[in-house]
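If you want our numbering, it's the 1-based position in the sequence shown plus 4.
Backbone N, C-alpha and C fix where the C-beta goes; we use that ideal spot for every residue, glycine too.
Because the structure is a prediction, the values reported are computed rather than measured.
Take a look at the structure set out below.
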Amino acid sequence: MQEQTLNYRVLLVEDDLRLAKLIADYLKICGMHVEVERRGDTVVKRLLSYQPDIILLDIMLPGIDGLSLCKVLPNHFNGPILLMSALGSSEDQIKGLELGADDYMVKPVDPALVVARIKNLLRRANKKEIVQANTLTFGQLSIEPKTQTIKLAEQEVALTNREFELLWLLASQAGQVLSRQYIYQCLMNMDYDGVDRKVDVRIFRLRKKLGDNVKAPFRLKTVWGQGYLFAPDAWFG
5 MQEQTLNYRV LLVEDDLRLA KLIADYLKIC GMHVEVERRG DTVVKRLLSY QPDIILLDIM
65 LPGIDGLSLC KVLPNHFNGP ILLMSALGSS EDQIKGLELG ADDYMVKPVD PALVVARIKN
125 LLRRANKKEI VQANTLTFGQ LSIEPKTQTI KLAEQEVALT NREFELLWLL ASQAGQVLSR
185 QYIYQCLMNM DYDGVDRKVD VRIFRLRKKL GDNVKAPFRL KTVWGQGYLF APDAWFG
């Protein structure tokens, strides 16, 4: 398997120790941070100390079952929920989705398919967050997510949808180096193959449109061997 660095935080709620270890080990190989909870009635308490990006939730659990948890989790957690259960009838799946789960997998599950579902759910959640998020402002640069409006020194800057998504991803994590692998996973739901240059081309276009120095960039910086960094203090003049 190609090396991945997904950096997602996962809470796996599963009372089958063998299955929990199988899934957790595979997710960790993919670069994810995984914590395992084996009882339904301790999940809410766990969320006080651990905030995952996604919850993988079994249905048949001691304490509180997964379907009941689907009803209460939105009060404590705003990320996606992926149900995994041996209950495979259409009625069971419909009930789980109607109670608030974002996806449903029937056991036995393929860990590689679990990873694919996680990436898909978090990619959709990221796009939803962009729409619901507030305006980001850095000096003379403002980024309005609802209308995808970019202004630099009061002048509107025209970006394509893909350019906007890339700029938002960088700006929403300003000051942090984002690897190409991470960017490809977030925006394209695919691994970086070490050859593709789509992101590099978009970075180049963003630099030109946003008044950066394409030869010695100081706003959208290249950190050699690591990735790209949005400099939050480079937009004041």
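- Closest option to ASP69, judged by alpha-carbon separation, among ASN82, LEU170 and GLU18: GLU18.
- DSSP places SER176 in no beta strand (DSSP E); its state is neither H nor E.
- In the structure shown, GLN230 falls within a coil segment according to DSSP collapsed to helix, strand and coil.
- Proximity to PRO84 across LEU65, ALA129, PHE234 and GLN144 peaks at ALA129, based on C-alpha coordinates.
- By the criterion of at least three beta-carbon pairs nearer than 8 Å, the stretch 172–192 is not in contact with the stretch 109–118.
- Secondary structure of GLN159 (DSSP, three-state): strand.
- A distance below 7 Å between beta-carbons, with the five flanking residues on each side excluded, links VAL218 to the following residues of its chain, in chain order: PHE208, ARG211 and LYS212.
- In the DSSP assignment, PHE208 falls outside any beta strand (DSSP E) and within the unbroken alpha helix (DSSP H) covering 202–213.
- Between PRO66 and ALA220, the alpha-carbon positions lie close to 58 Å from each other.
- Sorting PHE222, LEU87 and GLN230 by C-alpha distance to the C-alpha of ILE187 places GLN230 at the top.
- By the neighbour-count definition (other C-beta atoms within 10 Å, threshold 16), ALA162 is an exposed residue.
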